Amino acid sequence: MEGEVVAVGPGKQAEGGKREPMEAKAGDRILFGRHCGTEIKIEDQDSVIVREEEILARCKRPPRAHPDNVHEFHSPGASQRPFGRP
Numbered sequence: 006m007e008g009e010v011v012a013v014g015p016g017k018q019a020e021g022g023k024r025e026p027m028e029a030k031a032g033d034r035i036l037f038g039r040h041c042g043t044e045i046k047i048e049d050q051d052s053v054i055v056r057e058e059e060i061l062a063r064c065k066r067p068p069r070a071h072p073d074n075v076h077e078f079h080s081p082g083a084s085q086r087p088f089g090r091p
């Protein structure tokens, strides 16, 4: 599934009490698994709360409506080869 990050928390608390900074930022376009997160509804707006570990990729460009454009999405640090294509 695909969505836009609306807000992020302070980050995960590591051992020793230090916070690990979030890589995701408000406004990022992301991909996440269909069964990830917790679905909520606030003022008739459907949203999903996901953990940073559940984010599969961040989009480099705004997504297009057609599903054949999945090659526009790349995981941070991954090769530039399109997903699901040789």
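According to my numbering, the stretch in the sequence shown is residues 6 to 91, in order.
The beta-carbon is built from N, C-alpha and C at its ideal position, and this holds for glycine as well.
Just so it is clear, the structure is predicted and the values come from calculations on it, not from any experiment.
Quiz item: Quick one: is the Cβ of Lys23 within less than 6 Å of any heavy atom of the ligand ZN?
Solution: The ligand ZN is absent from the structure shown, which contains no ligands of any kind.
Quiz item: Looking only at its own chain, which residues have a Cβ that is under 7 Å from the Cβ of Glu28, when we skip the five neighbours before and after it?
Solution: Its chain contains Glu57 as the residues whose beta carbon lies nearer than 7 Å to that of Glu28, once the 5 sequence neighbours on both sides are disregarded; these appear in chain order.
Quiz item: Can you tell which of Ile47, Asp49, Cys41 and Arg63 has the C-alpha that lies nearest to the C-alpha of Val1?
Solution: Residue 1 lies beyond the residue range present for the chain, which begins at 6 and ends at 91; the question has no answer from this structure.
Quiz item: Whose C-alpha, out of Lys30, Gly22 and Lys23, is nearest the C-alpha of Gly14?
Solution: With distances taken between Cα atoms, Gly14 lies closest to Lys30.
Quiz item: Which of the three DSSP states, helix, strand or coil, is assigned to Glu48?
Solution: Correct three-state label for Glu48: coil.
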